[in-house]
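Protein chains in written order, with our numbering: chain A, 1 to 336; chain B, 1 to 295; chain C, 1 to 246.
One structure is given below, encoded as structure tokens.
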Amino acid sequence: MRLAGLALLAVAVLSFPSMAPNPYILSTGVVVINYAVLATSWNFVGGFTGYISLGHGALAGLGGYGTALLVTRAGLPSFVALAVAGALVAALAVPIGFAALRVRGASFVIVSIALVLIMLLVFQSWASFTGGSRGLVVPRPFPGMLRPEHHRVFYFLFAGLLGLALLAWWLIDRSRFGLGLKAIREDEDKAEALGTPTFAYKLVVFVVSAAFTGLAGGLYALWFGDLDPVFQFSILTGSYMVLMALLGGVRHLFGPLLGALVVGIALEYFKAEFGNTPLHLVATGLLLGLVVMFMPDGVLPALGALARRVLRPPAQISIRDVTAAELAQRQPGGVR
Amino acid sequence: MPSAGLVFQSFVLGLLLGGLYALLAAGLTLYFGIMRVVMIAHSAFLILAAYLAWWTHARLGIDPLLSMVVTVPLFFGVGVALQRLLLARLRAATLTMMSVLLTFAIAVLVEGLLGYAFSGTQRRIQLGYGSASFGLFGARIAVVKLIAFGLAAVALATLYLVLKKSTLGWALRATIQHQDAARLIGIDTERVAGYGFGLGLATAAVGGTALSLDTTIYPSLHWHWIGPLMAIIVVGGLGSVPGAAAAAMLLGMAQSLLQIPMGTTWAQTVFYLALFATLALRPQGFFGGRLAQRF
Amino acid sequence: MSPPSSVETQGLTKAFGGVVALDGATVSFHHGKVNALIGPNGSGKTTYFNCVTGMIRPDSGRTTYKGRDITGKPPHVIARAGIGRTFQICRVFARMSALDNVLAAVRPGGLVGGLRGARRKAEVERALSWLTRLGIEHLAGVEARDLSWGQQKLLELAGVLMADPRTVLLDEPAGGVNPALLERIGSLVRELNAEGRTFIIVEHNMELVMSISDHIVVFDRGRPIAEGTPSQIRTDERVLGAYLGV
Numbered sequence: 001m002r003l004a005g006l007a008l009l010a011v012a013v014l015s016f017p018s019m020a021p022n023p024y025i026l027s028t029g030v031v032v033i034n035y036a037v038l039a040t041s042w043n044f045v046g047g048f049t050g051y052i053s054l055g056h057g058a059l060a061g062l063g064g065y066g067t068a069l070l071v072t073r074a075g076l077p078s079f080v081a082l083a084v085a086g087a088l089v090a091a092l093a094v095p096i097g098f099a100a101l102r103v104r105g106a107s108f109v110i111v112s113i114a115l116v117l118i119m120l121l122v123f124q125s126w127a128s129f130t131g132g133s134r135g136l137v138v139p140r141p142f143p144g145m146l147r148p149e150h151h152r153v154f155y156f157l158f159a160g161l162l163g164l165a166l167l168a169w170w171l172i173d174r175s176r177f178g179l180g181l182k183a184i185r186e187d188e189d190k191a192e193a194l195g196t197p198t199f200a201y202k203l204v205v206f207v208v209s210a211a212f213t214g215l216a217g218g219l220y221a222l223w224f225g226d227l228d229p230v231f232q233f234s235i236l237t238g239s240y241m242v243l244m245a246l247l248g249g250v251r252h253l254f255g256p257l258l259g260a261l262v263v264g265i266a267l268e269y270f271k272a273e274f275g276n277t278p279l280h281l282v283a284t285g286l287l288l289g290l291v292v293m294f295m296p297d298g299v300l301p302a303l304g305a306l307a308r309r310v311l312r313p314p315a316q317i318s319i320r321d322v323t324a325a326e327l328a329q330r331q332p333g334g335v336r
Numbered sequence: 001m002p003s004a005g006l007v008f009q010s011f012v013l014g015l016l017l018g019g020l021y022a023l024l025a026a027g028l029t030l031y032f033g034i035m036r037v038v039m040i041a042h043s044a045f046l047i048l049a050a051y052l053a054w055w056t057h058a059r060l061g062i063d064p065l066l067s068m069v070v071t072v073p074l075f076f077g078v079g080v081a082l083q084r085l086l087l088a089r090l091r092a093a094t095l096t097m098m099s100v101l102l103t104f105a106i107a108v109l110v111e112g113l114l115g116y117a118f119s120g121t122q123r124r125i126q127l128g129y130g131s132a133s134f135g136l137f138g139a140r141i142a143v144v145k146l147i148a149f150g151l152a153a154v155a156l157a158t159l160y161l162v163l164k165k166s167t168l169g170w171a172l173r174a175t176i177q178h179q180d181a182a183r184l185i186g187i188d189t190e191r192v193a194g195y196g197f198g199l200g201l202a203t204a205a206v207g208g209t210a211l212s213l214d215t216t217i218y219p220s221l222h223w224h225w226i227g228p229l230m231a232i233i234v235v236g237g238l239g240s241v242p243g244a245a246a247a248a249m250l251l252g253m254a255q256s257l258l259q260i261p262m263g264t265t266w267a268q269t270v271f272y273l274a275l276f277a278t279l280a281l282r283p284q285g286f287f288g289g290r291l292a293q294r295f
Numbered sequence: 001m002s003p004p005s006s007v008e009t010q011g012l013t014k015a016f017g018g019v020v021a022l023d024g025a026t027v028s029f030h031h032g033k034v035n036a037l038i039g040p041n042g043s044g045k046t047t048y049f050n051c052v053t054g055m056i057r058p059d060s061g062r063t064t065y066k067g068r069d070i071t072g073k074p075p076h077v078i079a080r081a082g083i084g085r086t087f088q089i090c091r092v093f094a095r096m097s098a099l100d101n102v103l104a105a106v107r108p109g110g111l112v113g114g115l116r117g118a119r120r121k122a123e124v125e126r127a128l129s130w131l132t133r134l135g136i137e138h139l140a141g142v143e144a145r146d147l148s149w150g151q152q153k154l155l156e157l158a159g160v161l162m163a164d165p166r167t168v169l170l171d172e173p174a175g176g177v178n179p180a181l182l183e184r185i186g187s188l189v190r191e192l193n194a195e196g197r198t199f200i201i202v203e204h205n206m207e208l209v210m211s212i213s214d215h216i217v218v219f220d221r222g223r224p225i226a227e228g229t230p231s232q233i234r235t236d237e238r239v240l241g242a243y244l245g246v
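Below, the structure written as structure tokens:
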């Protein structure tokens, strides 16, 4: 049953380019799937450890600029640059994580925001190296390729990256490492008292998250071709990631993907309807506010709970003692 | 080698800047002390107040300082409403995290509305006395900076008096120090928290007006401020108003003096450096004393 | 010849602002026995536990475990050295099932081991056996936050025992439990002790303490003032003085 649903999802995702009526819709699809990768990458940290990072935009920006600079300055072929940039971001995530993960809760959020703001400052000021506010042009990896084809190829590249991210998330979710991370989310000190090396765990998952985020940023740079610090190191991007993951449900594999679909499509629609007015900011703020107030566990779980209450008689969802046999039957891989 | 005059000028400017920062940061640390809320929207409200001050002057022809007559009580009311209607509804277990996201959402909302109402064009108040300055031992000090400092000083002094002498202030400090104990002695902590928030946003009204005198404003300016302000309150010790003031003076001075060798843009990094240093060495802040909270 | 020591501290001191919680606590707990740590409220017992398990850094002093210095080591290292503890206000992972709560104690065994499934047969069986031993196996699938206080206490203990500690620190195991559960906990401690586990129990319930302890240490104002067998402690004047404030 599950495999069938998965296959259906894969087919739907992969067949989108052939069904897109025009190149504009196709490019919107690339944007949305980019969001999906970013949101899923964010969810390694947010979903497993419960640490809310508003600064993942910095990691995406680093991936983007890293790739761009490696191509323009070091002359590396595009995809080699991408891989190297991804590795660099992962390496950078170690000292960043070392500093940031020493604190929790509100202080961690503050640090994550500060990270983006610092990056913005540095990349804007160091114009000689990064092009500053003039922006940085990234040569296309496939010169001479027509627009629609360009969008197609990158759509599939992003889809591939998304698949990898989802796989990694799933692997961690069902693993002992993942259980340890979730324990950290529930009660970090208790987890540590139980023998979990909490700092090491947090750092590892942060590096994994950073790697995927950096790769997504780099791929975006190759696709879009033009970088500007204000857009690359944007708190807004970071907040989109959080919004999408929260909306879809942080404890679920496909939560961020779903959130990305909903928010991404809505965003592009708003941009098309209202031009580039600040109203899309208003919409984002309202949506995030609503989700936080009324659906902090995400839309997926909220809908799921609603469905369960409607579809199943109340007796079955009361607190009930479960025997070991029933348990083994019910939880083969387990969610949460 | 910078001249003594230049250094002295930077020193004086740093003093004035620090005073202004102290006011801007006071509200931010107050919210955290009362409710463990990281109010990211504080700087957005600063800019809102600045816009209202500009609008008062540009469209109504009235001195921007007079806008405070309306904005201060208005922002107080908004603060109370924000706390009672929204923040109080968040689940206690995840309050800090969720409040970050919620206030972040509010900040984005405010920015969007500002952009919609006033467009993204940069605005600057053109005051008659805007370019006046006077000399002090060789340093040239813009009058507007002095007025801004004066505003900050008066507002902070008022805040100090309220906190130390008034009943509300006592109740507020009790709530900050130990919410349960405060409840046990009959303080309605929910109500008090609301007023505390109102106070915080009221300082934002004053601070934003002070800012408007001397700064070019645009809707996304608040991002430029939230970083340094958060750094200040962390360095000062989350929840401690005197701590924030001390940190503000220190960092404002540092920024001003560092502008000589490093230039304006790079001098801003001093805030972030201080933030990381604090988190690495003494996460509960340097100046807050026992009042300071750890996240 | 003094009995082999389990947890041993020398001159452990800790102050919070102006309050001195531990004032040069030098004490040695006996290996293989059921030790009790008693004393009036505020005498520093929980702070002692927190310092020993690494949750708080002592201002000065040394902690050794079976001869090895563990002062200032992080909590997870101390846990892996073989010390497990429960908390005064019991701490469980609220939004995880009881089974997962116990499984969380499994050592991942390095990078590769960590990626192995969390619910492998052998571990699940071991976890279920602990839940069974504590009488809550029927709650294995229930989220911890939906359990009663007593059930949560048992769950916390199951999780701690799953990590297979040689020494178990219990912080007020009798707190808020009914007499039947109290009996169960008491006999459980005796059983586990007979199997070779050392216990150090902070407790106020004198009946429980006197009935199961081999060795009692009495704290007052942050330091030990007396130690001995239950019968010795029962009649010790200093102990009476500490409790009655004489």
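For glycine and all other residues, C-beta sits at the position ideal for the given N, C-alpha and C.
None of these values were measured; they are calculated from a predicted model.
Interface flag, residue i vs chain C, CB-CB below 8 angstroms
| i | result |
| --- | --- |
| Thr198(A) | yes |
| Arg176(A) | yes |
| Gly46(A) | no |
| Gly180(A) | yes |
Neighbour flag for residue i against chain A, beta carbons, 8 angstroms
| i | result |
| --- | --- |
| Tyr21(B) | no |
| Gly114(C) | yes |
| His76(C) | yes |
| Ala105(B) | yes |
Element boundaries [alpha helix (DSSP H), containing residue i]
| i | result |
| --- | --- |
| Phe339(A) | There is simply no residue 339(A) to check, as chain A begins at 1 and stops at 336 in what is shown. |
| Arg234(C) | Pro230 to Arg234 |
| Glu123(C) | Lys121 to Arg133 |
| Thr67(A) | His56 to Thr72 |
| Ser27(A) | Pro23 to Thr49 |
Contact set for residue i: own chain, Cβ-Cβ below 8 angstroms, skip 5 residues either direction
| i | result |
| --- | --- |
| Gly135(B) | Ile141 |
| Val138(A) | Thr67, Ala68, Val71, Thr72, Ala221, Leu222, Phe224, Gly225, Asp226 and Leu227 |
N-terminal and C-terminal residue of the beta strand (DSSP E) that residue i is part of
| i | result |
| --- | --- |
| Gly135(B) | Ser133 to Leu136 |
| Thr9(C) | Ser5 to Phe16 |
| Leu37(C) | Val34 to Ile38 |
Exposure of residue i, with buried meaning 16 or more beta-carbon neighbours within 10 Å
| i | result |
| --- | --- |
| Leu59(A) | buried |
| Ala4(B) | exposed |
| Asn41(C) | exposed |
| Pro64(B) | buried |
| Tyr269(A) | exposed |
| Met35(B) | buried |
| Phe294(A) | exposed |
| Ala181(B) | exposed |
| Ala105(B) | buried |
| Arg89(B) | exposed |
Other residues of its chain near residue i: CB distance less than 6 angstroms, five sequence neighbours each side excluded
| i | result |
| --- | --- |
| Gln122(B) | Thr216 and Tyr218 |
| Val162(B) | Gly169 |
Spatial distance of residue i from residue j (CA atoms)
| i | j | result |
| --- | --- | --- |
| Asp188(B) | Gly79(B) | 17 angstroms |
| Ile136(C) | Glu143(C) | 13 angstroms |
| Ser128(A) | Tyr65(A) | 14 angstroms |
| Phe254(A) | Val32(A) | 14 angstroms |
| Leu155(C) | Ser148(C) | 10 angstroms |
| Pro229(A) | Gly135(A) | 7 angstroms |
Nonlocal neighbours in the same chain, by C-beta distance under 7 angstroms from residue i, ignoring five residues either side
| i | result |
| --- | --- |
| Gly61(A) | Met119, Gly217, Gln232 and Phe233 |
| Phe199(A) | Leu101 |
| Leu221(B) | Ile47 |
| Ala153(B) | Gly19 |
Residue-chain proximity (residue i, chain B), Cβ-Cβ < 8 angstroms
| i | result |
| --- | --- |
| Ala99(A) | yes |
| Ala315(A) | Because Ala315(A) carries a pLDDT of 49, less than 50, the predicted location of this residue cannot be relied on, and the following value inherits that uncertainty. Not closer than 8 angstroms to any Cβ of chain B, the Cβ of Ala315(A) fails to qualify, so no. |
| Arg134(A) | no |
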